[in-house]
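Notes follow the structure.
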Amino acid sequence: MEIRVTDAEETIKLGEIIGKSLEPGSIIALRGDLGAGKTVLVKGIARGLDIEDEPVSPTFVIMNAYEGRIPLYHFDLYRVSGADELMGIGADEFLYGGGVSAVEWAERVEEIFPEYTIYIDIKIPEPDDGSENTREIKIEGKKEWVSSFRSTAEQALPASTR
Ligand SMILES: Nc1ncnc2c1ncn2[C@@H]1O[C@H](COP(=O)(O)OP(=O)(O)O)[C@@H](O)[C@H]1O
Ligand SMILES: [Mg+2]
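So the working numbering is basically just the index in the sequence shown, starting at one, shifted up by 279.
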């Protein structure tokens, strides 16, 4: 499904709905350019998991962990060369464990993602359609998860769902 949000607050709200819908073991693969809003979305996901801290960009470390309804492992792979490096430092213990993993720069390690991964692509549209704060957010995942997520999102963010 695709959602167009008009500002960062809406991206956080969307993240919160996603966070509420997650189960232990969920993996979110986030793709999109620098400044697209991946970290902003993760702040919302953290709220939806009842995490009190606000995630910050973990660019200078590879992963930050947060305690909540389910633990959140927030990865930023901007400085990681690929799947071998990531698995070489033991990331599999977190990725395939009982927490929720949200992985920024997922495009660098596509091969690590299992079939139940939720993929979220965030795009900044061309400047002629909408304000500079508009984002196109595409969400893909298992059919049952997407359809139940869609009905929740349509109620909470009625204007933006497509
Ligand atoms: N609709 C939006 N959604 C998310 N961020 C937005 C939006 N509009 C403007 N922004 C701004 O864009 C920036 C996104 O930063 P960030 O989430 O760190 O990007 P990324 O993690 O993808 O590199 C923030 O400064 C945020 O305030
Ligand atoms: Mg980021």
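C-beta atoms are modelled at their ideal positions from N, C-alpha and C, and glycine is treated no differently.
Quick caveat, the model's predicted, so the values are computed rather than measured.
### Task
Using three-state DSSP, classify I397 as helix, strand or coil.
Sequence index remark: in the sequence shown, residue 397 carries index 118 (1-based). Strand.
### Query
Between V319 and T285, is the Cβ-Cβ spacing less than 8 Å?
Counted from its first residue, the sequence shown places residue 319 at position 40. Counted from its first residue, the sequence shown places residue 285 at position 6. Their beta carbons are not under 8 Å apart, which means V319 does not touch T285 by this criterion.
### Outcome for F428 when other beta-carbon atoms lying within 10 angstroms are tallied against a minimum of 16
Residue mapping note: residue 428 aligns to position 149 of the sequence shown, counting from 1. Buried is the call here.
### Query
Can you name the start and end residues of the beta strand (DSSP E) that F354 belongs to?
Along the sequence shown, one-based indexing puts residue 354 at 75. F354: member of the beta strand (DSSP E) spanning L351 to D355, first to last residue.
### P406 beta carbon less than 8 Å from that of I349
Counted from its first residue, the sequence shown places residue 349 at position 70. Counted from its first residue, the sequence shown places residue 406 at position 127. Contact: no.
### Query
Does the count of Cβ pairs from the segment 304-311 and the segment 379-395 closer than 8 Å reach three?
Flag = yes, the segment 304-311 and the segment 379-395 touch.
### Task
Return the Cβ separation of E333 and K322 in integer angstroms, given the expectation that the two are a contact with Cβ distance under 8 Å.
Numbered from 1 along the sequence shown, position 54 holds the residue referred to as residue 333. Numbered from 1 along the sequence shown, position 43 holds the residue referred to as residue 322. Between the beta-carbon of E333 and that of K322 there is about 6 Å, and that keeps the pair under the 8 Å contact cut.
### Message
Can you find the residues in the same chain that come closer than 6 Å, C-beta to C-beta, to S300, ignoring five residues on each side of it along the sequence?
### Response
Taking the sequence shown and counting its residues from 1, the one referred to as residue 300 is at position 21. Within the same chain, S300 has close Cβ partners F428.
### Task
Check each candidate in Y357, K402, I341 and E419 and name the one with the smallest Cα separation from L374.
In the sequence shown, residue 374 corresponds to position 95, counting from 1. It is I341.
### As assigned by DSSP and simplified to three states, the class of V382
For the purposes of this step, residue 382 is taken as residue 103 along the sequence shown, with counting starting at 1. Looking at V382 - three-state DSSP - the assignment turns out to be strand.
### Message
Suppose only complete runs of 3+ residues qualify. What are the beta strand (DSSP E) ranges in the segment 305-349, listed by chain order?
### Response
Listed in chain order, the complete beta strand (DSSP E) runs (minimum 3 residues) inside the segment 305-349 are 306-310 and 342-345.
### Query
With DSSP run on the structure shown, which of helix, strand or coil describes R414?
Taking the first residue of the sequence shown as position 1, residue 414 is located at position 135. Note: R414 maps to strand in three-state DSSP.
### Query
At which residues does the alpha helix (DSSP H) containing R445 begin and terminate?
Nothing about residue 445 can be reported from this structure: the residues present for the chain run from 280 to 441 only.
### Query
Going by Cα to Cα distance, which pick from E364, L293 and R414 is closest to E390?
Here residue 390 refers to the residue found at position 111 of the sequence shown. For the residues E364, L293 and R414, the minimum Cα distance to E390 belongs to E364.
### Reference G376; option with closest CA among Y352, W384, A385 and G367
Here residue 376 is taken as the residue at index 97 of the sequence shown, counted from 1. Ranking the options by Cα distance to G376, first place goes to Y352.
### Query
Buried or exposed: where does K292 fall if 16 or more other Cβ atoms within 10 Å of its Cβ makes it buried?
Looking up residue 292 in the sequence shown gives position 13. Answer is buried; the Cβ neighbour count reaches 16.
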